[in-house]
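Participant: Heads up: the sequence shown at position 260 corresponds to 260 in our numbering, and the numbers run straight through without jumps. What follows is a structure written as structure tokens; I'll ask about it next.
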Amino acid sequence: MTTIGRPLKPPPPMPKDTQHPLKLLILGGTGEAMELAKGLEDDARFDPVYSVAGRTRKPRLPNLRCRTGGFGGIQGLVDWIRAEGTHIIIDATHPFAAQISANAAAAADQAGCKLLALRRPAWTPEPEDHWRSVPHMAAAAQALGDTPRRVLLTIGQLELAAFCQAPQHHYITRSVELPETRPPQCLCLTQRGPFQLEDELALLREHRIDTLVTKNSGGDATRAKLEAARQCGVQVVMVERPPVAQVAHKVPHAQAALAWLHQFTSNGAFA
């Protein structure tokens with residue numbers, strides 16, 4: 001684990017009024033997490049720490065105390081929460097980061113702190129879409145069938161191995177960093193989104209893509225690829241989200257998370 005920015009320090013006791021900052025742990029790595037963090041940068045009511053898993057070499061980080069790396073499972077997260085005196089965990093991780101979400105829910109329960117889940121709504125198909133929903137990456141590779149296709153994979157760099165089992169297709173991948181494992185017929189594009197509709201249309205047309213494989217991440221930041229697929233008549237293999245732990249407090253976007261936190265400082269208690 002690496003600490004970036006201001007060093008972590010022992011926390012104050014649980015505040016009994018709004019004159020002491022609330023200690024927050026933001027489990028980040030998403031656009032919503034960055035938006036939330038920016039909304040807290042100059043707010044003296046809160047003392048947030050922004051945490052990312054560290055899977056990319058140069059993650060986007062806000063102007064807050066930041067840490068990178070895992071916690072060491074549930075117990076490691078519990079120990080960190082107690083050492084920091086964290087009052088609220090905000091799970092703003094990716095919808096497919098099911099393990100850290102489960103760990104956050106369990107750790108919050110064990111440590112006795114509040115948990116807020118920031119979960120963007122999933123995408124749903126429009127009437128003109130041609131989607132096939134699958135439960136996981138292996139099923140997505142199988143869904144491509146035997147006939148060779150030209151496939152755009154927008155699934156990140158960590159799950160390409162599943163498509164090595166379907167080497168007959170020609171793949172275009174797009175990720176922040178070059179993947180270590182990739183299918184044999186694969187052109188890897190190192191790009192960081194979000195991408196505009198015009199960019200997505202140009203990509204599909206330039207590479208004559210007939211199938212898009214993507215995760216149901218939801219939100220607006222990466223929705224343009226679905227609109228481009230719709231306009232170009234490209235089939236979509238949609239990997240649906242894994243199940244996540246049920247939580248008492250859940251919001252759909254960063255502004256709702258900020259409002260939730262502001263309500264606490266006003267009322268001194270959660271509903």
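The beta-carbon is built from N, C-alpha and C at its ideal position, and this holds for glycine as well. What you are looking at is a predicted structure, and each value in this text was computed from that prediction instead of being measured.
Do you know offhand how far residue 105's Cα is from residue 217's?
Facilitator: 20 Å
Participant: Would you kindly work out how many angstroms separate the C-alpha atoms of residue 222 and residue 79, rounded to a whole number?
Facilitator: So the two alpha carbons sit approximately 35 Å from each other.
Participant: I'd like the list of long-range same chain contacts for residue 220, defined as Cβ closer than 8 Å, with 5 residues on each side in sequence excluded.
Facilitator: none
Participant: Mind reading off the beta-carbon distance from residue 237 to residue 144? Whole number of angstroms is fine, and I expect it under 8 Å.
Facilitator: 7 Å between Cβ atoms; contact.
Participant: Return yes when the Cβ of residue 91 is within less than 8 Å of the Cβ of residue 107, no when it is not.
Facilitator: no
Participant: Could you name each continuous beta strand (DSSP E) segment of 3 residues or more that falls completely within the stretch 26-103, going from the start of the chain to the end?
Facilitator: 46-52, 65-68 and 88-91
Participant: Three or more beta-carbon pairs under 8 Å between the stretch 176-196 and the stretch 120-136, yes or no?
Facilitator: no
Participant: Use the C-beta contact count for residue 208: other C-beta atoms within 10 angstroms, 16 or more gives buried, fewer gives exposed.
Facilitator: exposed
Participant: With a cut-off of 8 Å, do at least 3 Cβ pairs link the stretch 34-45 to the stretch 245-257?
Facilitator: Yes, they touch.
Participant: Does DSSP put residue 188 in a helix, a strand or coil?
Facilitator: strand
Participant: In this structure, what does DSSP give as the bridge partners for residue 214?
Facilitator: 154 and 238
Participant: Counting C-beta neighbours from all protein chains within 10 Å, is the total for residue 175 16 or more, i.e. buried, or is it exposed?
Facilitator: buried
Participant: For residue 149, which residues in the same chain have their Cβ closer than 7 Å to its Cβ, ignoring the five residues on either side in sequence?
Facilitator: 169, 210 and 211
Participant: How do the stretch 53-65 and the stretch 241-249 stand: do at least 3 beta-carbon pairs fall below 8 Å, yes or no?
Facilitator: no
Participant: Any idea what DSSP makes of residue 223, helix, strand or coil?
Facilitator: coil
Participant: Is residue 156 near the ligand ATP, going by C-beta to nearest heavy atom under 7 Å?
Facilitator: Looking at this structure, you won't find the ligand ATP or any other ligand, since it has none at all.
Participant: Tell me whether the beta-carbon of residue 153 lies closer than 8 Å to the beta-carbon of residue 173.
Facilitator: yes
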